[in-house]
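Here is the structure we will look at, set down as C-alpha cells.
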Amino acid sequence: MPDIPSPVAEIAGGPAAQRPVPVTGFRRWLRRFSVFRFVLSLVLLVIGLLMIAPLIWLISQSLVEPISAFLLPPKWIPIPFTLENFRDVVNLIPIGRMFLNSLLVTVISVVGSLTIASLAAYAFSRIPFAGRDRLFILMLTALMVPGQLTIIPIFIMMRKLGLIDHLGSLFLPALINVFAIFFLRQYFNSIPRDLDEAARIDGAGHLRILFQILLPLAGPALSALAILGFEASWNNYFGALIFLSTPERMTLPIGLVSLAAGQGGGPAVVVFAGITLVVVPILVVFLAFQRNFVESVASVGIRG
Amino acid sequence: MAGNTTPSSRSGQLRQRSRLAGWLFVSPAVLLFLIFVLGPFVAAMALSLFSYDLLTPPKFVGFKNFGQLPKDSLLLRSLGNTFLFAFASVVTHLVGGMLLALAVNRGINKVLSYFVRTALFFPFLISWAAVSLLWKYVLDPTFGIFAFYVGKLGITPPLWFTEPRWALPAIIGIDWWHTIGYTFLIMLAGLQTVPSEMIEAARVDGANRVQTFFNVTVPLMTPTLFFASVITFIGAFQIFDPIQIITGGGPNDSTITAVMYLYQTGFQAFQIGYASTIALVIFAVIMLVTLLQFWGSRKWVHNA
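Protein chains in written order, with the numbering used here: chain A, 1 to 304; chain B, 1001 to 1304.
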C-alpha cells in the first residue's frame, strides 16, 4: 500500500516529536507503525474482496454460456459472454412488469409518506395546539409495534376492500411512517425559529414556511429518510408474499423467488440472471449517490 | 413551548386558528395512523381472543389461545431459535462493526477506504430475496464456491441446510454479510464523534494504543454501541425472509423463527386468532428486551 502521510500518523507523530524522544526510537516506532498499517490495509482489502466475491460470481455466472456456468474453479471472467440467460428470464416471468410494479410501489410509498410526515412534523414542531404532545407520544409508541402484529388485521381489511393481489395493499400501509415524523420533527426543532418568524411577519402562511423555508433546509434529513424508505419498500418481501399472487402484479422480490421456485432443479443460470437484473440497478444507483447514502444512514443512525 | 400568549381576544382567536391549522396538518398522518397502526393493533389484541379461519365467522374463545402458548412446543422452539439468532446477531454485528470501523478510521489509503466502505455497505441495499437465493447457491455443497475454496484449504464444510446443527449458523452468517454494512456505518459515525484531542491527550499522558482504546474510545462510543445493540436486536428478532426462502424453517425445525411460525400459523394454516396471539408474544418480547436494554444502559452507557 502506498504510504501517504495520514492525519492519524501526523497526530500520533506530532506530540511524540515535540518531546525529547531519541530519534532512533521514534524511527523504529514509525517503521513499526507503517508495517501495522500495511497489514491492516491488506486485511481490509481481503475482507472487502470476500464481501463482493459472491456478487462477482453472481454477475459472471449469469453472463457465461449455460454450458460453462457453475464450473469449479469458477469462470470469474465471463468470456465468451452471452445474454441468453437474461432472455430466458424475460420469457419465464414478466420481469419488466415486476420492475414497474416495484417502482410504482416505491415511489408512491416514499413520496407519499414523506409528504404526510412533513406536514405532521411541521405541526408537531411549530404549531401549538391542544393535545399536541400527547398525540405525538401516542404516535411514537407505534415505533415499538412490529409490522407482523398489524399485518394480520391489515390482511383482513385488504380482503374486505378487495385489495388482495393489488399494489395498493403494499403502498397504502406504507404511507404512514412514524419514524419519519419523529425524525423530521427533531430536525425542524433544530432549525432556528427566527427564520419562520421573519417569514410570518412578511405574511407567509404555514404551508409556505414549511415548503419554502424548512424543507429546503431539511435536505439531508429528507434524503436520509428517502433512502431508508426506498430500501424498505423496494425490498419488501413479507408484504408481497402475503398480498400478491398473480405474476403480473408481483414486485421484484417475490417475482424473483417465484422464478427460483418455478425452476425446480432447472437452469440456475436463469435464476442468477434474474438476481443480476435486480441487483445491478441498485448498484448503479448506489455508486452514483454513494456519498448521500453513506452520510444519510450514518446521520439517521446517530440521531435516531 | 411557543404557545404562551397573553389572554386577550386577539390571542384567543389566534390560538383557535392555530389549533385548527395544527389538526389540519396532522390529520392525514393521524388518519393513516388510526387505520394502519392503532386500529390493527387493537384489532390484533381483540383477535387473540377469537378463533377465526377467515371463512367461518370468528368465535369468541376467551383466553384459550393464550392458554395454548406454553403447551405449544413449536412456538417455544421458534422463540428459542429466535433468541439464539438475535443474540448471535447482536454480538457479531457489534464486534465486527466496531473492529471494521476502527480499522477504516485508522487513516488507510483513500482508495482502499472507499472500496472497503462500498463493499461492506452495498449488500445492505440488496433485497433479502436476492441475497437468500444467491447464498443458497454460494453455500451449495456441490457447485457453490464456498465449499470449493474452503475445500482447497483442506476443510470440508458442513452440509449447511441439511444438517440441523448448521442451518441456523449459516443464516447468522448470511445475515451478517447482508447487514454488517449498516452497523459498520453507525460505528464509523460514532467514532467520528470521539474528539481527536481526547485521544491525543491520552497518548501524550503516556497511554498506549490499547489503553487509549479501552479507556477513552470505548467509553465515548457507548451511546453508539447501545443504539446499535437496540436496533440490531429489534431487527434480528423479526428475521423472516431468508428463513422462508432458504430453509422454510427446517431441517427438523432447526431454523424456525418466531415470525416464520407466525406466518405458518396465520397465512398457511389460517389460524388467524392464534397467529394474533403469537404476534402479541413477539411484540411483548421485543418491548421487554428493549426496556431491559434501556434500564441496563444506565449502568454502562456514558452520559445515559
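The beta carbon of each residue, even a glycine, is placed where N, CA and C say it ideally should be.
Do we get a CB-CB distance below 8 Å when we pair residue i with the residues of chain B?
i: A/GLN148; result: yes
i: A/ILE209; result: no
i: A/VAL21; result: Residue confidence for A/VAL21 is low, a pLDDT of 47 falling below 50, so the modelled location carries little weight; the figure read from the coordinates is stated next. No, A/VAL21 lies away from the interface with chain B (no Cβ there is under 8 Å from its Cβ).
i: A/GLN290; result: yes
i: A/HIS166; result: no
i: A/LEU195; result: no
i: A/SER41; result: yes
i: A/ASN101; result: no
i: A/VAL111; result: no
i: A/ILE176; result: yes
i: A/ASN85; result: no
i: A/TYR187; result: no
Can you give me the C-alpha to C-alpha distance between residue i and residue j, rounded to a whole angstrom?
i: A/ALA54; j: B/TYR1149; result: Position check: residue 54 of chain A holds Pro in this sequence, whereas Ala was assumed. Each residue's Cα considered, the two are about 12 Å apart.
i: A/LEU92; j: B/SER1132; result: 20 Å
i: A/ILE83; j: A/LEU259; result: The sequence given here places Leu at residue 83 of chain A; Ile does not occur at that position. Approximately 18 Å, taken between the alpha carbons.
i: B/ALA1021; j: B/LEU1188; result: 41 Å
i: B/GLY1173; j: B/THR1232; result: 14 Å
i: B/ASN1065; j: A/ARG87; result: 50 Å
i: B/PHE1283; j: A/PRO146; result: 6 Å
i: B/VAL1216; j: A/LEU149; result: 42 Å
i: B/ASP1072; j: B/ILE1145; result: 40 Å
i: A/ALA288; j: A/ILE282; result: 10 Å
i: A/VAL21; j: B/LEU1125; result: Residue confidence for A/VAL21 is low, a pLDDT of 47 falling below 50, so the modelled location carries little weight; the figure read from the coordinates is stated next. Their Cα atoms are separated by approximately 49 Å.
i: B/LEU1153; j: B/PRO1251; result: 28 Å
i: B/LEU1225; j: B/PHE1213; result: 14 Å
i: A/ARG134; j: B/GLN1238; result: 29 Å
i: A/PRO153; j: B/PRO1195; result: 49 Å
i: B/GLN1068; j: B/ALA1129; result: 33 Å
i: B/THR1193; j: A/PHE136; result: 29 Å
i: A/ILE95; j: B/TRP1300; result: 50 Å
i: A/MET144; j: A/ALA180; result: 14 Å
i: A/ALA142; j: A/PHE188; result: 21 Å
i: A/PRO267; j: A/TRP234; result: 26 Å
i: A/SER118; j: B/VAL1116; result: 35 Å
i: B/TRP1160; j: B/ALA1046; result: 41 Å
i: B/THR1255; j: B/PRO1242; result: 10 Å
i: A/LEU50; j: B/PRO1070; result: 43 Å
i: A/LEU40; j: B/ALA1101; result: 12 Å
i: B/SER1179; j: B/PRO1123; result: For the sequence presented, residue 1179 of chain B should be read as Thr rather than Ser. If you take the alpha carbons of B/THR1179 and B/PRO1123, they lie about 7 Å apart.
i: A/ILE59; j: B/LEU1168; result: 27 Å
i: B/TYR1190; j: B/SER1089; result: In the sequence as displayed, the identity of residue 1190 of chain B is Gly instead of Tyr. Going by the C-alpha atoms only, they are around 20 Å apart.
i: B/HIS1302; j: B/PHE1227; result: 12 Å
i: A/GLN212; j: A/GLY112; result: 18 Å
Can you list the residues of chain C that residue i reaches, using a CB-CB cut of under 7 Å?
i: A/ALA130; result: No chain C is part of this structure, whose protein chains are labelled A and B.
How far does the alpha helix (DSSP H) with residue i in it extend, from its first residue to its last?
i: B/PRO1158; result: No alpha helix (DSSP H) contains B/PRO1158, which DSSP labels as neither H nor E.
i: A/PRO153; result: 147 to 161
i: B/ILE1180; result: 1164 to 1191
i: B/ILE1245; result: Careful: B/ILE1245 lies outside any alpha helix (DSSP H) and carries neither H nor E.
i: B/VAL1216; result: Where B/VAL1216 is concerned, there is no enclosing alpha helix (DSSP H), given that its DSSP letter is neither H nor E.
i: B/ASP1053; result: Run containing B/ASP1053: none; DSSP gives neither H nor E here.
i: B/VAL1204; result: 1196 to 1204
i: A/ASN91; result: 84 to 92
i: B/PHE1267; result: Premise fails: B/PHE1267 is in no alpha helix (DSSP H) and is neither H nor E.
i: B/HIS1093; result: 1073 to 1104
i: A/ASN236; result: Premise fails: A/ASN236 is in no alpha helix (DSSP H) and is neither H nor E.
i: B/ILE1145; result: 1145 to 1152
i: B/THR1118; result: 1110 to 1125
Taking 8 Å as the CB-CB cut-off, is residue i touching chain A?
i: B/ILE1108; result: yes
i: B/PRO1070; result: no
i: B/PRO1123; result: yes
i: B/PHE1143; result: yes
i: B/PRO1195; result: no
i: B/ARG1047; result: Here residue 1047 of chain B is Leu; the residue named in the question, Arg, does not match the sequence. Yes, B/LEU1047 counts as interfacial toward chain A.
i: B/SER1127; result: yes
i: B/PHE1307; result: This structure leaves residue 1307 of chain B out entirely; chain B is present only between 1001 and 1304.
i: B/ILE1245; result: yes
i: B/THR1118; result: yes
i: B/ASP1287; result: The amino acid occupying residue 1287 of chain B in the given sequence is Met; Asp does not appear at that position. Interface residue, yes.
Inset, instruction - Take every Cβ of the region 1293 to 1300 of chain B, pair it with every Cβ of the region 152 to 166 of chain A, and state whether three or more of those distances are shorter than 8 Å. - result: no
Inset, instruction - May I ask you to verify whether the region 95 to 111 of chain A touches the region 163 to 176 of chain A, counting CB pairs closer than 8 Å and requiring at least 3? - result: yes
Legend entry - Every unbroken beta strand (DSSP E) inside the region 158 to 225 of chain A [3 residues or more]: none
Legend entry - 4-residue-minimum alpha helix (DSSP H) runs that sit fully inside the region 54 to 134 of chain A, ordered along the chain: 84 to 92 and 95 to 126
Legend entry - Inter-stretch contact (C-beta, 8 Å, three-pair minimum) for the region 1160 to 1167 of chain B and the region 1250 to 1269 of chain B: yes
Inset, instruction - Would you check if the region 109 to 123 of chain A and the region 203 to 219 of chain A touch, i.e. whether three or more CB-CB distances between them fall below 8 Å? - result: yes
Inset, instruction - Evaluate the contact criterion for the region 1204 to 1211 of chain B versus the region 1072 to 1090 of chain B: three or more CB pairs, one atom per stretch, below 8 Å. - result: no
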